[in-house]
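Novice:
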Amino acid sequence: MKLSFQQKLCIAAAFSVCACGLSFLPAVSDRNAPKASSAALLNPAEKELCDEIRISRAASGGSVSGGAGISQVSGELYLKKQGSVWTAQDGTITCLADHQLISECTARFSEKRRLYTVSESYSERFFPSPVAVSFGVTGKNSFSEITIQPGQDISGRILLTVSGASTVFETEDDVSSYCTTDVAFFADGQLFPAVSTVVSASLQPSGGKRKLSRKENAGELASLRHGQLHPASDTAALPLVATVRIEADAGRVLTAFVYKADSKESAYLVRTVIEPSPSESPETKAALSSLSYAAEISEWTYSRLTALFTE
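Residue numbers (this note's numbering): 1333 to 1643.
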């Protein structure tokens, strides 16, 4: 269709009006963008000194107090280095902790990261279910305490505040997986922990004493893993079905008492006692002597364990 001169003139005028209107729109400003900074949640120099970590979960209705920390606690986990070992304690269970996992935890917190300021002043609305993590040295005040609100969506970010400050920050969520009060998460997963090399081992079931059937079985014995943990008192009324005694190259002696469980979830519970070697430090001896827990194993693991021994 051919346009008349008047129609062309109207279209040109309309474009002119639109262009003028756009020229008056405000330019995009970054004044409302969150402030960004770079910092580590745990000073890398202090990471090397850290020998205790405390993780606290807020009770229902609990809140952050004093800029960091939790006013009402529903669960708490205490990780402590004593001599050459780390232990994990939750009030009812004390077990050996996984050194590598703790090292990964402190490494993540000490990495430099981007922090975005969400608010200059703390408000409870930012922390409906907070978890507090503190790093410190035994006998001294914590040198780093962070309260985190784990991510509740798919953004991959968390909110946090640090002790002594009221600012609320947002950052990438690569640490909240460590912010758990579940003692099993940090526990050494070996059924027979603190044993690097087996020198000798024996199994005493109800039928009589047995020894390892082959030298190669020592490595398989040390590699056995356990499931969930229970208080040692859970074995009090259970029947004892076997006792395992292991002598390690470091001079430690481990005795494991195997009980038949009465639940469908776990076939057996194993309570372990570790006797330190005479040459170990008083701190390591105290840590090993403080262990108190029972570990679940399945029927399959028990069968695998007994198959390593012969009369």
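Just so it is clear, CB atoms sit at the ideal spot from N, CA and C, and this is done for glycine as well.
Quick one: complete alpha helix (DSSP H) runs, 4+ long, within the segment 1554-1630?
Specialist: Within the segment 1554-1630, the complete alpha helix (DSSP H) segments at least 4 residues long are 1614-1621, listed from N- to C-terminus.
Novice: Within 7 Å: the Cβ of Tyr1625 and any heavy atom of the ligand FMN?
Specialist: Looking at this structure, you won't find the ligand FMN or any other ligand, since it has none at all.
Novice: Val1463 and Ser1388: beta carbons closer than 8 Å?
Specialist: yes
Novice: Under a three-way DSSP split, which group does Val1515 fall into?
Specialist: helix
Novice: Enumerate in chain order the residues of its own chain whose CB-to-CB distance from Thr1438 is below 8 Å, with the five nearest sequence positions on each side excluded.
Specialist: Leu1374, Lys1379, Cys1382, Ile1385, Phe1467
Novice: What distance in whole Å lies between the Cβ atoms of Thr1616 and Ser1416, which are believed to be in contact at a cut-off of 8 Å?
Specialist: Confirmed, about 5 Å.
Novice: Would you call Glu1422 buried or exposed, if buried means 16 or more other Cβ atoms sit within 10 Å of its Cβ?
Specialist: According to the sequence provided, residue 1422 is Asp. The question's Glu does not apply to it. That one is buried.
Novice: Within a Cβ cutoff of 7 Å, which residues of the same chain sit near Asn1549, ignoring the five residues on either side of it in sequence?
Specialist: Leu1640
Novice: With a 10 Å radius around its C-beta and 16 neighbouring C-beta atoms as the bar for buried, classify Glu1502 as buried or exposed.
Specialist: buried
Novice: According to DSSP, simplified to helix, strand and coil, what is Gly1353?
Specialist: Note that Gly1353 has pLDDT 41, beneath the 50 cutoff, so the model's placement of it is unreliable and the number below is only indicative. Residue state, collapsed to three classes: helix.
Novice: Nearest-angstrom Cα distance between Tyr1625 and Ala1619?
Specialist: 13 Å
Novice: When the Cα of Asn1473 is compared with those of Ser1487, Ser1495, Ser1453, which residue comes out closest?
Specialist: Ser1495
Novice: Say whether the segment 1423-1438 touches the segment 1514-1530, bearing in mind that this needs 3 or more beta-carbon pairs closer than 8 Å, one atom from each stretch.
Specialist: yes
Novice: List, from N- to C-terminal side, the alpha helix (DSSP H) runs of 4 residues or more that fit wholly inside the segment 1428-1505.
Specialist: Fully enclosed alpha helix (DSSP H) runs of 4 or longer: 1431-1441.
Novice: Hey, His1558 and Leu1586 are a contact pair by Cβ (cut 8 Å); roughly how many whole angstroms apart?
Specialist: Not a contact, Cβ separation roughly 13 Å.
Novice: What's the C-alpha gap between Asp1505 and Cys1511?
Specialist: In a straight line, the C-alpha of Asp1505 is about 11 Å away from that of Cys1511.
Novice: Taking the alpha-carbon of His1562 as reference, which of Lys1541, Thr1604, Glu1628 has the nearest alpha-carbon?
Specialist: Glu1628
Novice: Give a yes or no on whether the C-beta atoms belonging to Val1500 and Tyr1454 are separated by under 8 Å.
Specialist: Yes, they are a contact pair.
Novice: In its own chain, which residues sit with a C-beta less than 7 Å from the C-beta of Gly1488, not counting the 5 before and 5 after it?
Specialist: Glu1504, Asp1505
Novice: Restricting to Cα atoms, I'd like to know which of Pro1482, Ser1476, Ile1490, Gly1483 is closest to Ala1497.
Specialist: Answer by Cα proximity: Ser1476.
Novice: On the criterion of 16 or more Cβ atoms from any shown chain inside 10 Å, does Trp1418 qualify as buried, or is it exposed?
Specialist: Classified as buried, Trp1418 has 16 or more neighbouring CB atoms from the shown chains inside 10 Å of its CB.
Novice: Considering only C-alpha positions, which residue in the set Ser1609, Ser1565, Val1450 is nearest to Ile1578?
Specialist: Ranked by Cα distance from Ile1578, the first of Ser1609, Ser1565, Val1450 is Ser1609.
Novice: List the endpoints of the continuous alpha helix (DSSP H) containing Cys1376.
Specialist: A small correction: the amino acid at residue 1376 is Pro; Cys does not occupy that position in the sequence shown. Start and end: 1376-1379.
Novice: Mind checking Asp1520: buried by the 16 CB within 10 Å criterion, or exposed?
Specialist: buried
Novice: Taking the alpha-carbon of Ser1595 as reference, which of Thr1604, Ser1435, Glu1631 has the nearest alpha-carbon?
Specialist: Glu1631
Novice: If contacts are defined as beta-carbon pairs under 8 Å, then Lys1592 and Leu1570 qualify, I think. What distance do you get, rounded to the angstrom?
Specialist: 6 Å
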